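Enquirer: Residue numbers (this note's numbering), protein chains in the order written: chain L, 1 to 288; chain C, 289 to 709; chain S, 710 to 979. All residues carry an ideal CB built from backbone N, CA and C; glycine is no exception. None of the values given here were measured: they were computed from a predicted structure.
Written as structure tokens, this is what we have:
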């Protein structure tokens with residue numbers, strides 16, 4: 001359609017383009033520039049070229065942030081997929097009970113990460129937490145959920161799965177409800193039992209839903225920050241040092257703007273690629 | 289204009305005024321200064337009480353006090369706020385970071401303010417005694433809540449085990465071994481608990497005769513003394529298994545160890561004089577306070593924070609901040625602060641007053657803390673001290689103690705890291 | 710899929726416990742007092758249903774201020790996003806002009822960049838502009854929503870051109886078309902956008918943490934998180950009371966608008 005006046009589209013788009021450029025594009029270039037300097041915000045900058053990147057690599061900080069984030073994401077994504085699917089299968093029925101349970105599981109989606117992190121910190125408290133007491137009452141060995149380097153990262157992952165399982169469930173439910181009942185009837189007529197019907201009808205039809213949940217939760221886990229900041233502050237011994245927390249720590253605690261900017265650039269590229277991949281897979285297609 | 293648009297403009301106008309009300313930079317007229325502080329709990333109560341008292345006189349400026357999290361969080365915010373042009377006038381920072389801030393030009397020199405020359409501060413915890421050569425430099429920091437590391441013991445447990453209060457490292461080890469009670473594979477009572485952190489490591493190191501940074505400015509991490517300090521912990525945690533392995537970072541570790549002591553799960557606790565009141569009031573058993581067991585010398589680092597005024601703030605705010613600061617160093621306030629919290633009194637007048645009125649006789653624990661003033665180990669005036677603490681030593685200690693790596697090797701690695709930019 | 714009845718009910722009960730349990734525990738803890746907590750932290754029921762913790766939280770932190778800040782911020786962002794996405798989405802969907810593909814490309818690119826990747830430079834930029842600790846720092850960076858623009862554009866594509874042309878013939882200006890014609894037609898999309906945005910920004914901890922230090926502009930999530938950092942014994946009953954205050958509004962929104970949220974999430978909402 002032709003615009004009513006020649007300048008019309010530009011005016012309509014101006015605020016949006018302005019804000020997006022200012023707050024999304026420009027920062028990327030600012031970060032790229034800052035990553036070539038060493039600056040502590042108090043004294044003048046010094047040019048260091050690619051030293052920040054090199055040091056991040058040599059000191060193992062980059063690899064550690066990446067590896068931790070990858071491990072965390074792997075657990076969260078698999079957990080969200082499996083749990084979401086199981087919950088969807090379980091609760092895909094009519095009735096007030098099922099609706100109520102669906103609601104409570106999904107409600108974790110609207111609660112703040114801060115609230116979830118604090119709540120679980122309390123429940124996992126080494127002495128007074130409910131989880132600890134239950135574990136001890138059951139005679140199982142006591143674990144230091146947030147203070148043991150071998151366990152802490154997975155504790156965070158489990159907390160995250162608790163929060164996003166409801167979201168995953170909703171996506172799978174929508175996918176399930178899209179499957180025409182006729183397909184099940186046809187399979188049943190062919191003599192397929194319940195398991196067979198699941199494998200031949202349900203499973204393939206849920207492919208897109210699963211892919212959507214997987215990519216969304218992957219991107220979300222890569223952006224995880226709140227749980228780390230509140231529950232473990234990157235510790236113990238950097239076991240829960242996720243990417244975004246590493247950036248935060250570099251600038252706000254170590255006051256190394258250059259280092260933080262270098263991490264930002266690398267992180268931006270990483271997440272951008274992941275999100276671009278998702279966009280290609282789902283361009284224009286709704287899930288439901 | 290359609291009516292929807294004009295409705296929108298009314299809406300946006302009222303939102304704009306709400307925005308203005310929410311804009312935190314709108315300072316009222318009159319003298320004001322922002323104070324950023326980092327206590328919670330009891331210390332916060334006392335600070336608020338003192339602030340209220342300061343504000344009772346309407347001639348005095350208003351001090352807007354904001355809680356900013358723990359020391360390190362608050363410090364981070366201060367530094368970024370300076371860069372962002374949103375610096376408060378007054379805040380308090382740990383002793384280790386003052387040289388860095390001073391050398392970076394972030395701190396307001398205080399000598400030119402009225403009354404700066406006659407503050408009558410206790411040298412050991414004022415700038416002059418806290419830093420090597422502190423008296424020769426322009427005054428930039430005034431003691432606020434100053435502490436020393438001390439040892440808290442559960443006297444009942446010690447008596448039951450026939451253990452005396454440890455005076456040196458060997459006695460500490462023996463005592464911790466005797467006091468640890470095991471139930472099967474679990475430990476019911478730990479003989480000894482101490483937050484594995486920079487401060488206590490420096491305390492051990494100083495007692496062993498070492499210095500973190502030597503006279504030429506090289507970061508030696510205490511040399512052999514530093515190794516022995518770390519090795520003591522390794523021994524107690526991994527070989528003897530009488531010291532609880534570290535949990536959590538920063539103040540999580542302090543909370544846990546304090547709670548353990550209070551609930552009778554630890555017989556000996558190393559902590560700060562800062563928790564004296566809290567521990568005495570919360571414990572259900574008699575608590576005895578003693579100096580840390582020593583190695584070859586009696587030396588303790590200072591802890592806690594000092595007030596600083598930030599150069600980036602406006603002149604008016606800085607003047608207001610100074611007024612408050614000066615008021616806080618008056619005898620009445622320093623006395624109250626010390627007796628209410630357990631921190632050391634900042635002025636000599638306060639010490640005299642408390643001695644004269646028999647306070648220290650009635651409070652032997654405070655007397656022990658006061659006695660440590662004779663053994664203050666000054667910090668080097670080194671701008672890299674804070675980085676060494678946060679970026680090198682804290683992770684190094686946490687790592688080495690958790691994994692049980694060889695102390696000498698860990699510190700060697702730390703020394704090499706200190707050389708990197 | 711109809712699993713056998715008793716097993717399904719049992720499993721459902723377990724599921725409900727796992728997801729309702731923590732909230733209940735949060736609420737129970739918030740009604741306890743400090744001595745109770747020290748004595749018997751896992752007692753299933755408080756000695757007395759006391760609001761002491763809530764009173765103490767309300768007295769020690771300016772909670773009313775935080776709630777106001779957070780509400781204003783979240784509403785402003787949501788409203789601004791819709792106000793900007795409508796004209797932008799319309800232009801991208803319906804109008805032919807030079808640079809349309811570039812503009813759409815910009816939207817797509819920004820869709821892929823999270824706030825966590827921009828906060829360092831934005832912090833520096835806003836700092837230099839003296840805007841740290843202002844509502845502007847909290848709202849403006851999110852004023853334009855790439856996702857919102859994208860969704861509105863998609864929705865506009867299915868609006869018949871004839872409708873718009875007819876309105877134009879009647880003498881309607883662009884703003885009229887965008888806000889009086891399209892907005893009502895796109896109500897479901899806009900409702901979804903508003904909900905998602907409001908909830909997300911109400912709960913946002915990261916951005917206000919980085920952009921504000923002043924208590925006067927602080928938001929609820931940051932304020933509640935600070936409750937924990939006390940240094941000499943965490944008072945969990947206070948933290949949980951704060952948690953309840955933080956979560957109650959969004960849970961209320963959830964109870965009212967659950968169906969809309971579900972729809973928002975399943976049509977490419979994030």
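Note the first and the last residue of the continuous beta strand (DSSP E) segment covering residue 555 (chain C).
Expert: Its beta strand (DSSP E) spans residues 554-560.
Enquirer: What residue from S:730, S:774 and S:791 has the CA that sits closest to residue 898 (chain S)'s CA?
Expert: Looking at the Cα atoms, S:791 is the closest of the given residues.
Enquirer: Report the neighbours of residue 360 (chain C) on chain L: residues whose CB is nearer than 8 Å to its CB, in chain order.
Expert: Simply 253.
Enquirer: If you run the structure through DSSP and keep just helix, strand and coil, what is residue 1 (chain L)?
Expert: It is coil, neither helix nor strand.
Enquirer: Indicate whether residue 321 (chain C) and residue 605 (chain C) have their beta-carbon atoms separated by less than 7 Å.
Expert: It is a contact, given that the beta carbons lie within the stated cut-off.
Enquirer: Look up residue 731 (chain S) in the DSSP assignment and say whether it is helix, strand or coil.
Expert: Helix.
Enquirer: Buried or exposed for residue 129 (chain L), please, with buried defined as at least 16 other CB atoms from any protein chain shown within 10 angstroms of its CB.
Expert: Residue 129 (chain L) is buried by the Cβ-count criterion.
Enquirer: Give the residues of chain L in contact with residue 257 (chain C), contact being defined as C-beta atoms less than 9 Å apart.
Expert: Here chain C has residues from 289 to 709 only, and residue 257 (chain C) is not among them.
Enquirer: Does any residue of chain C have a CB that is nearer than 7 Å to the CB of residue 842 (chain S)?
Expert: Residue 842 (chain S) counts as touching chain C.
Enquirer: Of all the options S:850, S:889, S:855 and S:753, which has the alpha carbon lying nearest to the alpha carbon of residue 736 (chain S)?
Expert: Here the closest residue by C-alpha is S:753.
Enquirer: Is any beta-carbon of chain C found at less than 7 Å from that of residue 928 (chain S)?
Expert: Chain C contact via Cβ: absent.
Enquirer: Could you tell me the distance, in whole angstroms, from the CA atom of residue 484 (chain C) to the CA atom of residue 693 (chain C)?
Expert: Whole-angstrom Cα-Cα distance: 15 Å.
Enquirer: Name, please, each residue of chain S whose Cβ falls closer than 7 Å to the Cβ of residue 225 (chain L).
Expert: By Cβ distance, chain S contributes 825 and 915.
Enquirer: Return yes when the C-beta of residue 973 (chain S) is under 6 Å from any heavy atom of the ligand ATP, and no when it is not.
Expert: Questions concerning the ligand ATP fall outside what the structure shown contains, since it holds no ligand whatsoever.
Enquirer: Tell me whether residue 306 (chain C) sits in a helix, a strand or coil according to DSSP, three-state version.
Expert: Residue confidence is low: residue 306 (chain C) scores 49 on pLDDT, short of 50, so the model does not pin down where it sits. Its coordinate-derived value is still stated next. Correct three-state label for residue 306 (chain C): helix.
Enquirer: Give me the Cβ distance between residue 428 (chain C) and residue 670 (chain C), rounded to the nearest whole Å; I'm assuming they're in contact under 8 Å.
Expert: With a Cβ gap of about 15 Å, residue 428 (chain C) and residue 670 (chain C) do not count as contacting.
Enquirer: Could you tell me if residue 910 (chain S) is buried or exposed, where buried requires 16 or more neighbouring beta carbons within 10 angstroms of its beta carbon?
Expert: Buried: at least 16 other Cβ atoms inside 10 Å.
Enquirer: So for residue 16 (chain L), helix, strand or coil by DSSP?
Expert: Reduced to three states, the DSSP call for residue 16 (chain L) is helix.
Enquirer: Tell me, please, whether the CB atom of residue 728 (chain S) is closer than 7 Å to any CB atom in chain L?
Expert: So yes, residue 728 (chain S) belongs to the interface.
Enquirer: For a cutoff of 7 Å on Cβ pairs, would you count residue 736 (chain S) as touching chain D?
Expert: Of the protein chains in the structure, L, C and S, none is chain D.
Enquirer: Count the CB pairs spanning the region 248-263 of chain L and the region 104-121 of chain L that are closer than 8 Å, and state whether there are at least three.
Expert: With a cut-off of 8 Å, the region 104-121 of chain L and the region 248-263 of chain L do not count as touching, because too few Cβ pairs lie within range.
Enquirer: I believe residue 211 (chain L) touches residue 61 (chain L) by the beta-carbon criterion, under 8 Å. Please report the beta-carbon distance rounded to the nearest angstrom.
Expert: The pair is not a contact, with the Cβ atoms about 32 Å apart (cut-off 8 Å).
Enquirer: Buried or exposed: where does residue 380 (chain C) fall if 16 or more other Cβ atoms within 10 Å of its Cβ makes it buried?
Expert: It is buried - the Cβ of residue 380 (chain C) has at least 16 other Cβ atoms within 10 Å.
Enquirer: Just to confirm the assignment: which complete alpha helix (DSSP H) runs, minimum length 4, are found wholly within the region 789-834 of chain S?
Expert: Runs found: 809-820.
Enquirer: From residue 609 (chain C) to residue 603 (chain C), what distance separates their C-alpha atoms?
Expert: Cα to Cα, residue 609 (chain C) sits roughly 10 Å from residue 603 (chain C).
Enquirer: Are residue 80 (chain L) and residue 170 (chain L) closer than 7 Å when you measure CB to CB?
Expert: Their beta carbons are not under 7 Å apart, which means residue 80 (chain L) does not touch residue 170 (chain L) by this criterion.
Enquirer: So what's residue 661 (chain C) in DSSP terms, helix, strand or just coil?
Expert: Helix, per DSSP.
Enquirer: Can you give me the Cβ contacts of residue 7 (chain L) inside the same chain, cut-off strictly under 6 Å, excluding the 5 residues immediately before and after it?
Expert: Same-chain partners within the cutoff: there are none.
Enquirer: Applying a beta-carbon distance threshold of less than 7 Å, which residues of chain L neighbour residue 877 (chain S)?
Expert: Those within 7 Å of residue 877 (chain S) in chain L are 4.
Enquirer: Are the C-beta of residue 215 (chain L) and some C-beta of chain C separated by less than 7 Å?
Expert: Judged by the 7 Å Cβ criterion, residue 215 (chain L) is not in contact with chain C.
Enquirer: Excluding the 5 residues flanking residue 638 (chain C) on each side, which residues of the same chain have their C-beta closer than 7 Å to its C-beta?
Expert: Closer than 7 Å at the Cβ level, and outside the excluded window around residue 638 (chain C), lie 619, 622, 623 and 626.
Enquirer: Give me the Cα-Cα distance between residue 780 (chain S) and residue 110 (chain L), rounded to the nearest whole angstrom.
Expert: Spanning the two alpha carbons is a distance of roughly 15 Å.
Enquirer: Just the C-alpha distance for residue 118 (chain L) and residue 145 (chain L), rounded to the nearest angstrom, thanks.
Expert: Approximately 14 Å, taken between the alpha carbons.
Enquirer: With a cut-off of 7 Å, does the C-beta of residue 240 (chain L) fall near any C-beta of chain C?
Expert: By this cut-off, residue 240 (chain L) is not an interface position.
Enquirer: According to the neighbour-count rule (16 or more other Cβ atoms, all chains shown, within 10 Å of its Cβ), is residue 778 (chain S) buried or exposed?
Expert: Buried.
Enquirer: Across which residues does DSSP place residue 498 (chain C) in a beta bridge pair?
Expert: Residue 498 (chain C) is not bridged to any residue.
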